[in-house]
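The structure appears right after this line, and notes come after that.
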Amino acid sequence: MSCPRCASLQSLSDKPYLPFRGSVTAVTPQPAPPRLAGRNHAFPPRKVLKNRRNMAWHVSCCTKQYMAVYLHVEFEIHTTALLFIRGFCGKILHAICYYTASVFVTVDTTTYRLSFTFGGLLIPETRTIAQQYQEIGDWDLVRVRVLSENLLQKTRQSSSYRYFREVRCRFDAAQSWEIELLADNAASDTDHALVSLAIVSRYYRLIGDFLTTVVRERLVEGLDRMDVALVKTFMAEQETIHPAIGDLALSTREKLASVVVRVLTEARVAVGTRNALRLERPSMTPRLRELYCAYGNEADHHHLLWTDKEMHPCIQ
Numbered sequence: 006m007s008c009p010r011c012a013s014l015q016s017l018s019d020k021p022y023l024p025f026r027g028s029v030t031a032v033t034p035q036p037a038p039p040r041l042a043g044r045n046h047a048f049p050p051r052k053v054l055k056n057r058r059n060m061a062w063h064v065s066c067c068t069k070q071y072m073a074v075y076l077h078v079e080f081e082i083h084t085t086a087l088l089f090i091r092g093f094c095g096k097i098l099h100a101i102c103y104y105t106a107s108v109f110v111t112v113d114t115t116t117y118r119l120s121f122t123f124g125g126l127l128i129p130e131t132r133t134i135a136q137q138y139q140e141i142g143d144w145d146l147v148r149v150r151v152l153s154e155n156l157l158q159k160t161r162q163s164s165s166y167r168y169f170r171e172v173r174c175r176f177d178a179a180q181s182w183e184i185e186l187l188a189d190n191a192a193s194d195t196d197h198a199l200v201s202l203a204i205v206s207r208y209y210r211l212i213g214d215f216l217t218t219v220v221r222e223r224l225v226e227g228l229d230r231m232d233v234a235l236v237k238t239f240m241a242e243q244e245t246i247h248p249a250i251g252d253l254a255l256s257t258r259e260k261l262a263s264v265v266v267r268v269l270t271e272a273r274v275a276v277g278t279r280n281a282l283r284l285e286r287p288s289m290t291p292r293l294r295e296l297y298c299a300y301g302n303e304a305d306h307h308h309l310l311w312t313d314k315e316m317h318p319c320i321q
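So this is what it looks like as structure tokens:
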């Protein structure tokens with residue numbers, strides 16, 4: 006889908022728009038917010054941005070679906086005041102529009118994959134399968150060896166196949182250098198965990214969106230408490246965009262929430278005891294940071310909880 010107005014707006018963006026996928030939601034904006042001292046443009050107060058149910062701003066600035074969202078703006082100019090729709094971390098989103106009577110925002114409603122009901126990052130299994138793939142280079146042969154030699158050390162072959170299939174699917178979202186790094190025994194356990202986190206966040210967008218819109222924002226605001234209730238709240242809020250979540254049984258939702266927490270724990274994003282978890286930014290080796298700066302995208306940087314300052318050199 007293309008729009009000449011969007012094409013003209015794109016020149017104002019530091020990143021290209023993503024391909025269109027989804028549906029259109031009509032939004033009636035609130036009155037333009039007051040200008041703040043020292044600023045030459047108006048933008049919503051931070052307390053407004055934090056209200057995820059404030060759809061007048063939320064659909065645009067809580068494109069907390071961030072990289073997964075494409076903004077398609079059609080406008081009628083009712084005032085000459087520019088409104089910069091700002092994101093949760095103060096970052097201006099990839100869209101600039103005038104204050105309008107009506108704004109149509111296209112939100113990515115690509116269905117969430119909700120099949121991560123077991124395991125977590127699966128770091129040992131991921132490392133083993135990556136090593137076999139680097140050696141053999143053929144997924145069918147890798148599967149045969151993994152199952153016949155029980156390389157994943159499971160008690161039943163059906164369990165081995167289940168884990169192999171899960172890791173194999175995740176690798177569909179991986180870059181070749183990420184698989185190479187996972188197969189490298191010289192790489193640190195931390196790097197293996199963070200690469201696994203980046204791949205999982207890409208494949209399971211619910212996890213990636215949670216990292217970006219909840220975890221990263223809480224770290225920016227200096228809030229470090231983490232518990233499964235945050236995941237449940239996030240999932241409940243996503244039901245309007247992803248109704249498949251509402252179709253899940255309560256037990257399945259509980260399991261998904263617990264797996265998300267386990268993923269964060271294994272990546273050392275959430276540390277502490279089960280009932281007293283706190284969030285922290287994971288440490289990253291200079292080598293891995295350079296790789297993601299060179300070959301990753303903004304979504305990867307958000308999933309890995311980089312600050313805007315850390316991301317800035319990568320977008321020059």
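Each position in the sequence shown, counted from 1, maps to that position plus 5 in our numbering.
We put the beta carbon where it would ideally sit given N, CA and C, even for glycine.
Proximity to GLU140 across LEU187, LEU253, HIS306, ASN302 peaks at LEU187, based on C-alpha coordinates. Taken through DSSP and simplified to helix, strand or coil, ARG230 comes out as strand. When DSSP states are grouped into helix, strand and coil, LEU282 belongs to the strand group. Residue burial is scored here from C-beta neighbours: SER256 has fewer than 16 other C-beta atoms within 10 angstroms and is therefore classed as exposed. Setting aside the 5 residues that flank it on each side, LEU156 is surrounded in the same chain by THR133, each with a C-beta closer than 6 Å to its C-beta; the list follows chain order. Short of 6 Å from the beta carbon of ARG207, and not among the five residues preceding or following it, lie these beta carbons of its own chain, in chain order: ALA178. About 14 Å separates the CB atoms of VAL268 and PHE239; that is not less than 8 Å, and the two are not in contact.
With a 10 Å radius around the Cβ and a threshold of 16 neighbouring Cβ atoms, LEU202 comes out buried. Residue burial is scored here from C-beta neighbours: GLY251 has fewer than 16 other C-beta atoms within 10 angstroms and is therefore classed as exposed. Leaving aside the five residues that flank PHE215 on each side, the residues in its chain whose CB is nearer than 7 Å to its CB run, in chain order, VAL236, PHE239, VAL265.
Measuring C-alpha to C-alpha distances from PRO129 to each of GLN180, PHE121, ASN190, ASP143 identifies ASN190 as the nearest. A distance below 8 Å between beta-carbons, with the five flanking residues on each side excluded, links THR116 to the following residues of its chain, in chain order: HIS247, ALA249. Here VAL264 carries a helix assignment [DSSP, helix/strand/coil].
If you draw a straight line from the Cα of GLU259 to the Cα of ASP196, it is about 29 Å long.
Distance check between TYR138 and each of THR245, ARG173, THR278 places ARG173 closest, using alpha-carbon atoms only. In the structure shown, the three-state DSSP call for GLY213 is helix.
Within a 10 Å sphere around the beta-carbon of VAL200 sit 16 or more other beta-carbons, which makes this residue buried. ASP229 and VAL276 have their alpha carbons spaced roughly 10 Å apart.
About 6 Å separates the Cβ atoms of THR122 and LEU261, confirming a contact at the 8 Å cut-off. For the pair LEU282 and SER165, the Cα-to-Cα distance works out to about 31 Å.
DSSP, read as helix, strand or coil, puts VAL151 in helix. In the assembly as shown, HIS306 is a buried residue. Its beta-carbon has 16 or more other beta-carbons within 10 Å.
Closest in C-alpha terms to LEU146, from the list GLN180, SER193, THR160, PHE169, comes PHE169. With a threshold of 16 other beta carbon atoms within 10 Å, TYR300 falls short and is exposed. Contact between ALA135 and ILE184 holds, with the beta-carbon distance rounding to 5 Å and staying under 8 Å.
LEU293 places its beta carbon 8 Å or farther from that of LEU119.
One alpha carbon belongs to GLN162, the other to GLN180, and they sit about 28 Å apart.
By the Cβ-count criterion, ALA234 is exposed, with fewer than 16 other Cβ atoms from all chains shown falling within 10 Å of its own Cβ. In this structure, the CA atom of PRO291 is about 12 Å from the CA atom of GLU315.
Relative to the Cα of ARG286, the nearest Cα in the group THR278, GLU303, THR270 belongs to THR270. For TYR300, the enclosing alpha helix (DSSP H) covers residues 291–300. Residue pairing by DSSP places ALA275 opposite LEU284 in a beta bridge.
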